[in-house]
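The sequence shown maps to residues 1 to 717 in the numbering used here.
See structure below.
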Amino acid sequence: MTTSKYEESIKELASQDDAKRLKALRFIKNSVIGNKTKKELYIKLGVVQRLVEYLSLPDDSSSYNLKTQAATILGSIAYGKDENVSAVVASGAVIPLLDTLELPDNKPILEAIQERRKLIEAATRALKAIFASSRTVKYDTFTDKHIHDLVTLLDTTSSFLTSEPQGNVSSEGLSYAMIAEFTAAIIAKCCDTPLQQLQLETAGAIQPLVNLLHSGCIKAQEASLDAIATLCRENKVLGEYIIKSKTLNSNQLTTNTILDFVRDKNPNMRLIAATCLTNLYRTGVFKEPFSEITLVVLPALVKLLQDTTDDVQERAPLVLADLIKDSEEMQKAAFDADAISRLAELLASVSSKDADEDETAQLGVPGMGSVAKRKEKIKENSLIAIAAATLLKEECRTQAIEAKVLPHVISGLTSKQQHVRLAACQAAKSLSRSVSHLRTSLVDAGVALPLIKLLYDESLVVQAAACGALCNLVLEFSPMKKSVIEAGAIARFVEYSRSSDSTLQLNGVWALNNLLFRADLQAKKSVMDVLTYNALIELLHDSSLAIQEQALEIVRNLVFGKQEDTDWVIQGIGKDDLLDVLESKLQVTSNMGVSDEEETTASTLVPALYIVVNMSSNAEGPKMALVSRPNIVNSVIHHLGHEDPLVRVAAAWCMINWTWANSEENSEDLVKRCQRLKELGIEEKLKTMENDTSRDVRDRANSALEQLREVLADASA
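Here it is, written out as structure tokens:
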């Protein structure tokens, strides 16, 4: 049987002759660099494990070249495809590669690096490729020693580069620049958690990264900015530390330093700098409104949406989404910058039919996948940005509708790519928050049907997102409510309410709650026939406060309306059981008062109080039943002083209904109730609330006080 030259090179790796082994390694290196087919072939031939064994050779002059070639080949194999990275990681290559970065302590650090420069460069390049993959598990990889070795390399090379005259292009300088770049890139990919961020900060990683910004080496500066951005992501402490860091000239690192990079000619540099400032902005480290974000960073991101350099167009929408999410001010700034229209144009540019391609194609590292896969990624990220941009402001939703994003949202809901479907659900949810467009544009676009189909998607995450979007489509004023119900959504929502997946369960209960909003008694019965009261009671006592809140909202909606609605619910749950639930949800414990505990229960207090309000809106029977429970009465009175105005308003509404005479038939019960409330100090409490900081609270308290005094005055006349 004929042996191929590739198989022969593998056999030569087992030779005892260093010259033959080195020749084989060079042949393998030249074969795999830039050749996907040869990489896969050599992986099948078992080369990766052999290379890892080479990395573990004892340190001496004969093994240095062998190790360098082995590290170079591993880096080439790991570059460009996740499956290749998985093979390299599975072979145990990461630790040996990290171990090659250890420097002897018997000589100056710079001299030690110079002696091992090519090996260190090859090893850091390989590690950068490995850690660029999302499949690489990083948590157990780094020991304190490895972190120390990385920071030492970064510190030494950054100091060398910043001390050299600008424009130095010696081979040594270029090698140090690459080592610094690769090391910073490794750090950027290995500080995802607060613990990892703290480990790197404690080891002294931040100052060398700041120094590297002044090196004049573009790729090293990009990697440094990326690492700084990741280190401060969702970490205010490190964000403040970074802002206070000193440059080599002992000048404080101001935001202007990073803003200069936002204005750079290099699109990738502009994007990374914008990401860095976005992450810093979101930590809240800026003491005053940071106008440069809206004046410089946001417009830069909008412009980058049209830049086709590398993977900039792919990444820019996500940074934009991160910057503007959860902020009305930022979403208004995005509106003014015409960001939504630019996103719509970007969506249109990647939505052509030629985007369809073999589903088995892999994206690989960012920007390195097939054209079709990159288009799908741009589509996904653009939809995420549209969801963020239209979350809070009606004018932004109108701009999106007018920019014709709906056809792209509908197309995304039917995409073959799971992540695109998910992003489209998020966009549909944000757009459906508009009452006016819910009744017009969204109906015309036919958004309901694809969302209903996604309730049966293969991905639970997509199912949950589709359910979340449908929550807005089943509200009382939505013309799509009927079609959603007729499609069998009630049974599906009930099924979700029993799911072990927390997001799916929450969205299912939320959808049921919205279905019941201002529903008539027949519709309420249709829902409860499927859900059942026993299941509702279980949800009321769920371990999740969010589930409890939505379950309480369900009860609130069930008892809203006519007296027959309330009577039906009391009969279904049982009067004592319903009062027990309310008593437990409203209960005031001895250590409450203005505390964290009270803050965390505000979300359940509001719907629980409105259940009391709705039960007390008609006949005297339910009112007297509620007032017969001292714990309920005392709790409602206590919550009149809650720090959350929404809770105070709800408690004041309870007082309004308890002091309101809805008929002449049971005036005796009304008088008894008001006299008891007066004995409990309600008159003084309500009088104090007339000076509340919330106008709504003041108005409600005033109404309750007037009614109370009128009833008591009539009774004494």
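By construction, the Cβ of each residue, glycine as well, lies at the ideal position given by its N, Cα and C atoms.
Inset, instruction - Grab me the residues of L686's own chain with a C-beta within less than 6 Å of its C-beta, minus the 5 sequence neighbours each way, in chain order. - result: Locating residue 686 in the sequence shown gives position 686, counting from the first residue. Hits under 6 Å: A701, A704 and L705.
Legend entry - Residue nearest to R519 in terms of C-alpha spacing, selected from G561, P607, H639 and I656: Counted from its first residue, the sequence shown places residue 519 at position 519. The displayed chain sequence assigns Ala, not Arg, to residue 519. Taking only the C-alpha atoms, the option nearest A519 is G561.
Legend entry - Proximity to D155 [Cα-Cα], best of L200, A132 and S170: Position 155 of the sequence shown holds residue 155. Nearest C-alpha to D155: L200.
Inset, instruction - For L347, collect the residues of the same chain with a Cβ closer than 7 Å to its Cβ; drop the 5 residues on either side in sequence, then sort them by chain order. - result: As a position in the sequence shown, residue 347 is number 347, starting the count at 1. So the qualifying residues of the chain are K379, S382, V405 and H408.
Inset, instruction - Please classify L101: does DSSP put it in a helix, a strand, or coil? - result: Residue 101 sits at position 101 when you count from the first residue of the sequence shown. If DSSP states are grouped into helix, strand and coil, L101 belongs with coil.
Inset, instruction - Could you check how far apart the C-beta atoms of T278 and V297 are, in whole angstroms? I think they sit under 8 Å. - result: The count along the sequence shown starts at 1 and reaches residue 278 at position 278. The count along the sequence shown starts at 1 and reaches residue 297 at position 297. With a Cβ gap of about 7 Å, T278 and V297 count as contacting.
Legend entry - Neighbourhood of A487 by C-beta, 6 Å cutoff - its chain only, sequence neighbours within 5 removed: Residue numbering aside, residue 487 sits at position 487 when the sequence shown is read from its first letter. These residues qualify, in order along the chain: I452.
Inset, instruction - With distances taken Cα to Cα, identify the nearest neighbour of D144 among I384, S4, K244 and I95. - result: The count along the sequence shown starts at 1 and reaches residue 144 at position 144. Comparing Cα-Cα distances from D144 to each of I384, S4, K244 and I95, the minimum goes to I95.
Legend entry - Inter-stretch contact (C-beta, 8 Å, three-pair minimum) for the region 100-120 and the region 73-81: no
Legend entry - Of the residues D105, A112, A71 and E111, the one placed nearest G92, counting alpha carbons only: Your numbering for residue 92 matches position 92 in the sequence shown. Of the listed residues, the one whose Cα sits closest to G92 is A71.
Legend entry - Proximity of R374 and D311 at Cβ, strictly below 9 Å: Locating residue 374 in the sequence shown gives position 374, where the first residue counts as 1. Locating residue 311 in the sequence shown gives position 311, where the first residue counts as 1. Cβ atoms of R374 and D311: closer than 9 Å.
Inset, instruction - Go to G621, then tell me how far its alpha helix (DSSP H) extends in each direction, as first and last residue. - result: In the sequence shown, counting from the first residue as 1, residue 621 sits at position 621. First-last of the alpha helix (DSSP H) with G621: E620 to V627.
Inset, instruction - Evaluate contact between the region 506-513 and the region 563-571, counting only Cβ atoms and requiring at least three cross-stretch pairs below 8 Å. - result: no
Inset, instruction - Measuring alpha carbon to alpha carbon, tell me which of S61, S175, K377 and N65 ends up nearest P317. - result: Here residue 317 refers to the residue found at position 317 of the sequence shown. It is K377.
Legend entry - Check whether Y176 and I113 have beta carbons under 9 Å apart: Against the sequence shown, residue 176 aligns to sequence position 176. Against the sequence shown, residue 113 aligns to sequence position 113. Taking 9 Å as the Cβ cut-off, Y176 and I113 qualify as a contacting pair.
Inset, instruction - Work out the CA separation of G284 and R117 for me, nearest whole Å. - result: If you number the sequence shown from 1, residue 117 lands on position 117. If you number the sequence shown from 1, residue 284 lands on position 284. Computed Cα separation, rounded: 41 Å.
Legend entry - Host alpha helix (DSSP H) of C396 (start-end): Locating residue 396 in the sequence shown gives position 396, where the first residue counts as 1. C396 -> alpha helix (DSSP H) spans E394 to E402.
Inset, instruction - Take L304 and list the residues in its own chain whose beta-carbon comes closer than 8 Å to its own, dropping the five residues that flank it on each side. - result: Locating residue 304 in the sequence shown gives position 304, counting from the first residue. If we look at L304 and ignore the five residues flanking it on each side, its Cβ neighbours are P267, R270, L271, A274, V312, Q313 and A316.
Inset, instruction - Closer than 6 Å by C-beta to T124: which residues in its own chain qualify, once you throw out the five before and the five after it? Chain order, please. - result: For the purposes of this step, residue 124 is taken as residue 124 along the sequence shown, with counting starting at 1. Here the set comprises I179, F182 and T183.
Inset, instruction - Look at the Cβ atom of R421, then the Cβ atom of V462, and state whether they are nearer than 9 Å. - result: Residue numbering aside, residue 421 sits at position 421 when the sequence shown is read from its first letter. Residue numbering aside, residue 462 sits at position 462 when the sequence shown is read from its first letter. For R421 and V462, yes; Cβs fall inside 9 Å.
Legend entry - First through last residue of the alpha helix (DSSP H) which encompasses D567: If you number the sequence shown from 1, residue 567 lands on position 567. Element bounds for D567: Q563 to I573.
Inset, instruction - Verify whether the separation of the beta carbon atoms of C396 and A389 is less than 9 Å. - result: Mapped onto the sequence shown, residue 396 falls at position 396. Mapped onto the sequence shown, residue 389 falls at position 389. Cβ distance < 9 Å, so C396 and A389 count as in contact.
Legend entry - Residue nearest to L150 in terms of C-alpha spacing, selected from T202, T136, A469 and Q571: In the sequence shown, residue 150 corresponds to position 150, counting from 1. Considering only alpha carbons, the answer is T202.
Inset, instruction - Could I get the ranges of all uninterrupted alpha helix (DSSP H) runs contained in the region 492-539, with 4 residues as the minimum, in chain order? - result: 502-516 and 521-531
Inset, instruction - Taking Y635 as part of the alpha helix (DSSP H), name the residues at either end of that continuous run. - result: Taking the first residue of the sequence shown as 1, we reach residue 635 at position 635. Note that residue 635 corresponds to Ser in the displayed sequence, not to Tyr. Where S635 is concerned, the enclosing alpha helix (DSSP H) stretches over P630 to H639.
Legend entry - Cβ neighbour criterion (16 or more within 10 Å) applied to S628: Taking the sequence shown and counting its residues from 1, one reaches residue 628 at position 628. Exposed.
Legend entry - Pair within 9 Å by beta-carbon distance, K23 and E12: Taking the first residue of the sequence shown as position 1, residue 23 is located at position 23. Taking the first residue of the sequence shown as position 1, residue 12 is located at position 12. Against a cut-off of 9 Å, the Cβ pair of E12 and K23 comes out as a contact.
Legend entry - Same chain, Cβ closer than 8 Å to A427, neighbours up to 5 away in sequence not counted: Counted from its first residue, the sequence shown places residue 427 at position 427. If we look at A427 and ignore the five residues flanking it on each side, its Cβ neighbours are L383, I384, I386, A387, T390, V405, V409 and G412.
Inset, instruction - State buried or exposed for Q550, treating a residue as buried only when at least 16 other CB atoms are found within 10 Å of its CB. - result: Counting from 1 along the sequence shown, the entry for residue 550 is found at position 550. When all chains shown are included, Q550 counts as buried.
Legend entry - Selected residue, minimal CA-CA separation from L578, among T601, R709 and H541: Reading the sequence shown from its first residue, position 578 is the one you call residue 578. If we check each option's Cα against that of L578, H541 comes out closest.
Legend entry - Same chain, Cβ closer than 7 Å to M480, neighbours up to 5 away in sequence not counted: The residue labelled residue 480 in the question sits at position 480 within the sequence shown. Result list for M480: V443, A448 and L473, in chain order.
Legend entry - Proximity winner among K36, F517, R498 and L198, relative to V530 (alpha-carbon distances): As a position in the sequence shown, residue 530 is number 530, starting the count at 1. For V530, the nearest C-alpha among the options comes from R498.
Inset, instruction - Buried or exposed for R695, please, with buried defined as at least 16 other CB atoms from any protein chain shown within 10 angstroms of its CB. - result: Mapped onto the sequence shown, residue 695 falls at position 695. Counting Cβ neighbours within 10 Å, R695 comes out exposed, since fewer than 16 surround it.
Legend entry - Own chain residues within Cβ distance below 6 Å of A220, not counting five before or after: As a first step, residue 220 is located in the sequence shown; it is residue number 220 there, counting from the start. Taken in chain order, the residues that qualify are A177, A180, E181 and L212.
Legend entry - Of the residues I401, T414 and V319, the one placed nearest S351, counting alpha carbons only: Working through the sequence shown from its first residue, we reach residue 351 at position 351. The shortest Cα separation from S351 among I401, T414 and V319 belongs to T414.
Legend entry - Nearest-angstrom beta carbon gap, V612 and S582 [assumed within contact, 8 Å]: One-based indexing of the sequence shown puts residue 582 at position 582. One-based indexing of the sequence shown puts residue 612 at position 612. This sequence places Leu at residue 582; Ser is not what is there. About 6 Å; that satisfies the 8 Å criterion.
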